[in-house]
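Numbering (mature numbering (1 follows the signal peptide of the UniProt record, and there is no 0)), first residue to last: -19 to -1, 1 to 139.
Glycine included, each C-beta is placed from N, C-alpha and C at the ideal position.
Keep in mind the model is a prediction, meaning the values are calculated, not measured.
Notes to accompany the following structure.
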């Protein structure tokens, strides 16, 4: 399954659980990066970035699902830096962002001036790294998030 990844053409970040190696420690397929999702008590994950200039959030999410993963969730400053380092090490000029697994809750309270965002792993947003002025307000149609490759910060996007 992981051998198919270089044939795909989209720039997204996705993760899946790391497998145990024959030596007992966690391991990832070639070309993936091993990391702890949010702290040392969670199961290690594998992350990979893949390029495409024409992929929207829904297509990226579906591609991840077909490969047994999901768009990446970012829970700490350290994890944000790991992701930023991974995407800046790739040589590409466009797009200048990657899809991440942060979406606006479909149950956000329309009567209050609040919007709830959640990660693709089902967790709430205890950590975010929004660009100044983001996320756009609750009346916006920007329901998903990207990470800019130059700044490592998030922006809401449709």
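Residue 64 carries a helical assignment under DSSP once its states are collapsed to helix, strand and coil.
Counting every other CB atom within 10 Å of its CB across the protein chains shown gives residue 39 a total below 16, marking it as exposed. Taking 9 Å as the cut-off, the Cβ atoms of residue 67 and residue 126 do not count as close. Residue environment: residue 122 is assigned as exposed (fewer than 16 neighbouring CB atoms within 10 Å of its CB, all protein chains considered). As the crow flies, the alpha-carbon of residue 11 is around 10 Å from that of residue 27.
For residue 126, the uninterrupted beta strand (DSSP E) run begins and ends at 125 to 129, by DSSP. Distance from residue 100 to residue 114 at the Cβ level is roughly 21 Å; contact not present, criterion being Cβ atoms closer than 8 Å.
A distance of 9 Å or more separates the beta carbons of residue 86 and residue 56.
With a beta-carbon spacing of about 4 Å, residue 54 and residue 102 fall inside the 8 Å limit used to define contacts.
Boundaries cannot be given for residue 86, as no beta strand (DSSP E) includes it and DSSP labels it neither H nor E. For residue 132, no alpha helix (DSSP H) run applies, since DSSP gives it neither H nor E. For residue 112, the CB contacts under 8 Å within the same chain, skipping 5 residues up- and downstream, are 129, 132, 134, 135, 136 in chain order.
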